[in-house]
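If you use this note's numbering, the sequence shown corresponds to residues 6 to 363, in order.
Report on the structure given below.
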Amino acid sequence: MNVKRVNRVLQNMGQKGLKQMIISSPSNIFYLTGCLIIPGERLLALYLNRDGNHKIFINDLFTVPEDLGVEKVRFSDSDDYLNILSSYIDHSTTLGVDKNFPARFLLPLMEKKAAADYALASDCVDNERACKDDQEQGMMRKASEINDMAMKEFVKLIKPGVTERQVAEPMEKIYRRLGADGYSFPPLVAFGKNAAEGHHTPDDTPLKDGDCVLIDVGCRKDGYCSDMTRTFFYRSVSSHAKEVYGIVLKANRAAEAMIHPGVRFCDIDRTARDVIKKAGYGKEFTHRLGHSIGIEVHENGDVSSSNRDEVKPGMTFSIEPGIYVEGKVGVRIEDLVLVTETGCEVLNHDTKELKVIS
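Right, dumping it as structure tokens:
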């Protein structure tokens, strides 16, 4: 296990008055152990105790490194694995659980009175994951570098008569050829009025002259995610679409320019939103400005009007203002940023200038 990260989680548990905790999120377990297991319907649990009696409960189906740095408790599909887990829990004190611990496991433990009480303790890990260390920052840069390269390849797929689905289908092969491990999320490709849906699933809509082309894509590299959106125009761009694009680009740049440690997430959101509101499109900006990202494409925390937390060095999140004019045009421009000691580093370098694909 990563001892530094585990010790910080234990400190956070202490601040919440918790002696013990179960972590079931595969992403959180990967963060603490370096081992990613997708358990499906089976139990996977990392038990942390401030006395040091750590255990990881793993089904026999899964292969893990021999030296995982934590004692492994194995069980089969036919074992009474909840009784096994319960036998290691201190019944006399509160048990912290993370937000992803399934009810099919938690409720039986509660019925067994495996602990004196239960408390949601996700933030013990989430707060540590929010600020990426030097190694993680390097991984985020690499994932975004591949995404930049991939976007240039994706633009080449825009050809006369092509459908959204035909553009989306080869994307994973392109990512893997460029060194990625696959998607961080299924690609979003939208032509023309479909781009005004915001999150449109690629279908058989064919490309037409004058269409906007919205591409929202991300890849995964060594366990870390990228995410980027660019909006192009095919063969021509109307004066209205050009106006909308310019407003979104201005909002994107204004938000990125004011990011530094100590600024509040809600103020970053407001900066971009004010640009769009003043231009008369406030109602057409229908979502928060951004989301945190790292091991998962959407991590705890966001850039929204309701988040009054302050930005800290090492945080990574998206800046993605958009305007969606129903039935006409949709524009979103999204970058990932990494907060530095004095400002922020924009992780995406693919051009944001308006581009007409001919």
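Ideal placement from N, C-alpha and C gives every residue a C-beta, glycine not left out.
If you're wondering where the values come from, they're calculated on a predicted model, not measured in any experiment.
What does DSSP give as the partner residues of residue i in its beta bridges?
| i | result |
| --- | --- |
| Arg269 | Glu315 |
| Asn64 | Phe80 |
| Phe340 | The sequence shown places Asp at residue 340, not Phe. Note: Asp340 sits in a beta bridge opposite Ile324. |
| Gln20 | Paired residue(s): none; Gln20 is not in a bridge. |
| Ser92 | Ser92 pairs with nothing; no bridge assigned. |
| Ile362 | Tyr239 |
| Ile28 | Leu51 |
| His296 | Asp307 |
| Tyr188 | Cys224 |
| Phe373 | For the chain, the structure presents residues 6 to 363; residue 373 sits outside this window and is missing. |
| Thr234 | Asp221, Glu339 |
Thinking C-beta only, is residue j closer than 8 Å to residue i?
| i | j | result |
| --- | --- | --- |
| Cys230 | Gly187 | no |
| Lys198 | Gly332 | yes |
| Val130 | Asp103 | yes |
| Pro266 | Val336 | no |
| Pro326 | Phe290 | yes |
| Gly295 | Ile324 | yes |
| Asp355 | Met145 | no |
| Ala260 | Ile273 | yes |
| Val222 | Met233 | yes |
| Lys400 | Glu71 | Residue 400 is absent from the structure shown; the chain starts at 6 and stops at 363. |
| Ser32 | Ile300 | yes |
| Leu90 | Ala50 | yes |
| Gly101 | Met18 | yes |
| Leu212 | Ile163 | yes |
| Asp122 | Arg170 | no |
| Ala173 | Pro207 | yes |
| Val11 | Leu37 | yes |
| Leu48 | Phe62 | yes |
| Leu53 | Leu87 | no |
| Phe106 | Ile27 | yes |
| Lys24 | Lys147 | no |
| Ser81 | Asp65 | yes |
| Val308 | Phe270 | yes |
| Thr236 | Ala200 | yes |
| Thr98 | Ala120 | yes |
Roughly how far, in whole angstroms, is the beta-carbon of residue i from the beta-carbon of residue j, given that I think they are within contact range, below 8 Å?
| i | j | result |
| --- | --- | --- |
| Val351 | Asp340 | 5 Å |
| Gly228 | Phe35 | 6 Å |
| Val253 | Phe238 | The pair is not a contact, with the Cβ atoms about 13 Å apart (cut-off 8 Å). |
| Val334 | Ala246 | 5 Å |
| Met320 | Ala135 | 6 Å |
| Val302 | Phe190 | 5 Å |
| Arg240 | Gly215 | 7 Å |
| Ile338 | Lys360 | In fact, because the Cβ distance is near 11 Å, the residues do not count as touching under 8 Å. |
| Val344 | Ile264 | 6 Å |
| Arg13 | Glu141 | Actually they are not in contact, since the Cβ atoms of Arg13 and Glu141 sit about 14 Å apart, beyond 8 Å. |
State the DSSP-derived secondary structure class of residue i, mapped to helix, strand or coil.
| i | result |
| --- | --- |
| Val308 | strand |
| Asp72 | coil |
| Met320 | strand |
| Cys5 | No answer is possible for residue 5: the residues shown for the chain start at 6 and end at 363. |
| Glu169 | helix |
| Asp122 | strand |
| Tyr329 | strand |
| Glu301 | coil |
| Pro352 | Note that residue 352 corresponds to Leu in the displayed sequence, not to Pro. Correct three-state label for Leu352: coil. |
| Thr345 | coil |
| Gly335 | strand |
| Thr99 | strand |
| Phe290 | coil |
| Ala108 | helix |
| Cys129 | helix |
| Gly39 | coil |
| Gly285 | coil |
| Pro44 | coil |
| Met6 | coil |
| Lys157 | helix |
| Gly57 | coil |
| Met176 | helix |
| Leu87 | helix |
| Leu183 | coil |
| Lys147 | helix |
| Met115 | helix |
| Lys255 | helix |
| Lys357 | coil |
| Lys164 | coil |
| Ile264 | coil |
Does any CB atom of chain B fall closer than 8 Å to the CB of residue i?
| i | result |
| --- | --- |
| Met115 | This model lacks chain B altogether; it includes just one protein chain. |
Exercise. Would you mind listing the beta strand (DSSP E) stretches within the segment 201-232 that are 3+ residues and don't spill past its ends, in chain order?
Key: 217-222, 224-226
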